[in-house]
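Enquirer: One structure coming up, written as structure tokens, with questions to follow.
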Amino acid sequence: MAAIETDAEPTKVLEFGLGDGTYCLDIGVIDEIVDAGELTRIPNSPDHVEGVMDLRGRTTTIVDPKTLFSIDEEGPRERIVVFDDEEIDEGGTVGWMVDEVFQVRDVAPEDVDQATTVDDEGVNGIVKSDDRFVVWVSPDIDEIGDLDAAELGAESEDAEA
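Start counting the sequence shown at 1; every next residue gets the next number (UniProt numbering).
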């Protein structure tokens, strides 16, 4: 299957930058976008957890998606995309630290190529846009292959040893 069925409605996505790449998320899973602030580090936390911050009385876990997706490029890390905790089952409020936020736009199903990402967990497809490609990612950390529960437990045990 090279693309999603063409009779479906377009999906609104938020495009954002991580390093040199452009990525997007379904806007339906996003609660808000805030400026990056001061974070409190959590001892013995997995590598992808940057820390926590107080966001209007809610303790929000801030995750570095560059670690999740093995992205090495540096960037300004200016914004946090906060997920709707009713849409994301991560056990609390979670946000991703991104370099910058570009735009919200509609993505037609015929513009999403899934053939190249069929085995990539955490990736919904590649959105073809003008002269560039945008990687459509999933906010569900459990779906991303590198981070299964066994590995996270092993990382925590290694850090304590």
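Glycine included, each C-beta is placed from N, C-alpha and C at the ideal position.
(1) Can you name, in chain order, every residue of its own chain whose Cβ lies under 8 Å from the Cβ of E74, other than the five neighbours on each side?
(2) Am I right that G17 and F102 are in contact with their C-beta atoms under 8 Å? What's the rounded C-beta distance?
(3) So what's I30 in DSSP terms, helix, strand or just coil?
(4) Let me make sure I understand the geometry here. Which of V52, I88, K128, T11 has the alpha-carbon closest to that of D64?
(5) With a threshold of 16 other CB atoms inside 10 Å of the CB of E15, please say whether the residue is buried or exposed.
(6) Per DSSP, what are the beta-bridge partners of P15 in this structure?
(7) Can you round the beta-carbon distance between I33 and R77 to whole angstroms, since I take them to be within the 8 Å contact cut?
(8) Have a look at the DSSP bridge pairing and note the partners of S129.
(9) If distances are taken between C-alpha atoms only, which option among I27, E50, R105 comes closest to S138?
(10) Of the residues I126, D47, P46, D131, which one's Cα is nearest the Cα of Q114?
(11) Taking buried to mean at least 16 other C-beta atoms within 10 Å of its own C-beta, is G95 buried or exposed?
(12) For D54 and G37, I'd like the C-alpha separation in whole angstroms.
(13) Between the alpha carbons of D31 and V81, how many angstroms are there, rounded?
(14) DSSP state of D35, grouped into three classes?
Expert: Put simply:
(1) Mapped onto the sequence shown, residue 74 falls at position 74. Hits under 8 Å: G19.
(2) Walking along the sequence shown from the start, residue 17 turns up at place 17. Walking along the sequence shown from the start, residue 102 turns up at place 102. Right, their Cβ atoms sit about 7 Å apart.
(3) Counted from its first residue, the sequence shown places residue 30 at position 30. DSSP places I30 in strand when its eight states are reduced to three.
(4) For the purposes of this step, residue 64 is identified with residue 64 of the sequence shown, where counting begins at 1. The candidate whose alpha carbon is nearest that of D64 is V52.
(5) By one-based count along the sequence shown, residue 15 stands at place 15. By the 10 Å Cβ count, E15 comes out buried.
(6) Residue numbering aside, residue 15 sits at position 15 when the sequence shown is read from its first letter. Before going further, note that residue 15 is Glu rather than Pro in the sequence given. DSSP output for E15 lists C24, Q103 as bridge partner(s).
(7) In the sequence shown, the residue the question calls residue 33 occupies position 33. In the sequence shown, the residue the question calls residue 77 occupies position 77. Going by Cβ atoms, the distance from I33 to R77 rounds to 14 Å, so no, they are not a contact pair.
(8) As a working mapping, residue 129 is identified with position 129 in the sequence shown. Per DSSP, R132.
(9) Start at 1 with the first residue of the sequence shown, and residue 138 comes out as number 138. It is I27 whose Cα lies nearest to the Cα of S138.
(10) Within the sequence shown, the letter at position 114 stands for residue 114. Comparing Cα-Cα distances from Q114 to each of I126, D47, P46, D131, the minimum goes to I126.
(11) Within the sequence shown, residue 95 is the residue found at index 95, counting from 1. Buried is the call here.
(12) The count along the sequence shown starts at 1 and reaches residue 54 at position 54. The count along the sequence shown starts at 1 and reaches residue 37 at position 37. Straight-line Cα distance between these residues: approximately 9 Å.
(13) The count along the sequence shown starts at 1 and reaches residue 31 at position 31. The count along the sequence shown starts at 1 and reaches residue 81 at position 81. Cα to Cα, the separation comes out at about 8 Å.
(14) Looking up residue 35 in the sequence shown gives position 35. Three-state DSSP puts D35 in a strand.
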